[in-house]
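Shown next, in structure tokens, is the structure this report addresses.
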Amino acid sequence: MERTTTLLLIDDEPLVLEMFAYVLRAVGYRVKTAISAEEGLELLCRSRIDGLISDVCLDGLDGFGIAAIAQRHHPVLPVMLISGSSTQQIEIEAAKRGYTFVHKPIPLDHFVDTAMRLFPAPSRQSREEHSDHDFPATWSHAA
Numbered sequence: 001m002e003r004t005t006t007l008l009l010i011d012d013e014p015l016v017l018e019m020f021a022y023v024l025r026a027v028g029y030r031v032k033t034a035i036s037a038e039e040g041l042e043l044l045c046r047s048r049i050d051g052l053i054s055d056v057c058l059d060g061l062d063g064f065g066i067a068a069i070a071q072r073h074h075p076v077l078p079v080m081l082i083s084g085s086s087t088q089q090i091e092i093e094a095a096k097r098g099y100t101f102v103h104k105p106i107p108l109d110h111f112v113d114t115a116m117r118l119f120p121a122p123s124r125q126s127r128e129e130h131s132d133h134d135f136p137a138t139w140s141h142a143a
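Residues 1 to 143, numbered by the working numbering, are exactly what the sequence shown covers, in order.
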């Protein structure tokens with residue numbers, strides 16, 4: 001039996017968190033969600049995860065800090081950082097650390113495609129069904 005890929009998704013905007021979790025689950029990922037850095041760290045400590053997706057701009061510890069802690073415990077953990085207030089400096093720092101970076105708003109199909117390239121793929125059936133999903137062309141919520 002194939003093991004489901006588990007992702008930890010952290011974003012302090014509930015609507016964004018729900019939408020990203022929905023589309024990831026639709027293509028076969030198991031998704032644990034956290035609305036804060038603190039909640040994300042708790043899940044990280046008590047859960048087995050295969051990948052991390054985090055907003056950069058969070059209260060307290062930012063996405064870079066969460067990723068650094070996560071990779072201390074799981075050195076090869078793939079990381080995707082997302083931000084609506086991105087600057088070139090954020091992109092450069094993400095690249096230096098080997099993280100994938102995407103801007104919000106992001107077309108949902110692009111978000112899913114990026115996740116499927118970065119994280120261990122869900123079941124073959126889910127990958128094949130991905131092309132059948134009719135996600136909205138863009139996620140236009142300003143984040």
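Cβ atoms here follow ideal geometry from the backbone N, Cα and C, with glycine treated the same way.
**Request:** Can you tell me the Cβ-Cβ gap for F20 and D12, rounded? I've got them flagged as a contact below 8 Å.
**Result:** The Cβ separation is near 12 Å, so there is no contact.
**Prompt:** Hey, F101 and L81: beta-carbon distance below 8 Å or not?
**Reply:** yes
**Request:** Could you please give me the residues that DSSP links to L9 through a beta bridge?
**Result:** T33 and I53
**Item:** Alpha carbon of L108 to alpha carbon of A67, nearest angstrom
**Value:** 23 Å
**Message:** Distance check for T5 and A121, CA to CA, integer angstroms please.
**Reply:** 7 Å
**Asked** DSSP state of H74, grouped into three classes?
**Response** coil
**Message:** Within 10 Å of its beta-carbon, does K96 have 16 or more other beta-carbons around it, so buried, or fewer, so exposed?
**Reply:** exposed
**Request:** Assess, as a yes-or-no matter, whether the segment 84 to 92 is touched by the segment 35 to 52 under the definition of 3 or more beta carbon pairs within less than 8 Å.
**Result:** no
**Request:** Output the boundary residues of the alpha helix (DSSP H) element that contains T100.
**Result:** Segment T100 to H103 is the beta strand (DSSP E) holding T100; no alpha helix (DSSP H) there.
**Request:** Would you tell me roughly how many angstroms separate the C-alpha atoms of L43 and K32, rounded to the nearest one?
**Result:** 8 Å
**Prompt:** Leaving out five residues before and five after R3 in sequence, what residues of the same chain have Cβ atoms less than 7 Å from its Cβ?
**Reply:** none
**Element boundaries [beta strand (DSSP E), containing S79]** = Contrary to the premise, residue 79 reads as Val rather than Ser in this sequence. Its beta strand (DSSP E) spans residues V79 to S83.
**Item:** Integer-rounded CB distance, given that L9 should sit under 8 Å from I69
**Value:** No, I69 and L9 are not in contact; Cβ-Cβ is about 16 Å, not under 8 Å.
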